[in-house]
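Peer 1: This is the structure I have questions about; it appears just below.
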Amino acid sequence: MKIHLAKKGEAGRDILPVLNTASLIEIDEEFGGLGEAIDAMKAEKGWRKATVRMVAILCNEGLTDEGEEPDLTAEKVKRMIHPSKIAEAGVACLAAINKGMRMEHKMKTEPRDPVLE
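Laid out in structure tokens, this is it:
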């Protein structure tokens, strides 16, 4: 799930957020850990600020994966993300975290055995 970022008056672009070791270390430094970052993004107050910071971190790694120089800061992201898209960007960040930590949920293809459950 990509995040759309655009400077005022420009069409912008879609960037794939990526969780890798580099972004994980940056999250540790910024938030104190991945769990704390997720909690901050889900908090009742301050979730927008936390989400913007996560977008900057994860999209910088997405830019690096595309062979570009990562230059996003939270300040830049605040001015490039549409207010109505912040929550959607948070969902994209959480999906990137799940993928990076190999926590994607997979559907069981075999029949359920109530005895074993």
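Residue numbers (the working numbering): 28 to 144. Yeah, the Cβ is synthetic: ideal placement off N, Cα and C, and Gly gets one too.
Output needed for N87: all residues of its chain with C-beta closer than 6 Å, excluding positions within five of it in sequence on either side, in chain order.
Peer 2: Closer than 6 Å at the Cβ level, and outside the excluded window around N87, lie P97 and L99.
Peer 1: What is the C-beta distance between V82 and I30, in whole angstroms, given that I count them as a contact (C-beta under 8 Å)?
Peer 2: At roughly 6 Å, the Cβ-Cβ gap stays under 8 Å, so V82 and I30 are in contact.
Peer 1: Hey, how far is the Cα of G73 from the Cα of G94?
Peer 2: The straight-line gap from Cα to Cα measures roughly 32 Å.
Peer 1: Taking 6 Å as the limit between beta carbons, can you name the residues of its chain near M28, skipping five residues before and five after?
Peer 2: Around M28: A119 and A122.
Peer 1: Alpha carbon to alpha carbon, how far is D55 from L61?
Peer 2: Cα to Cα, the separation comes out at about 6 Å.
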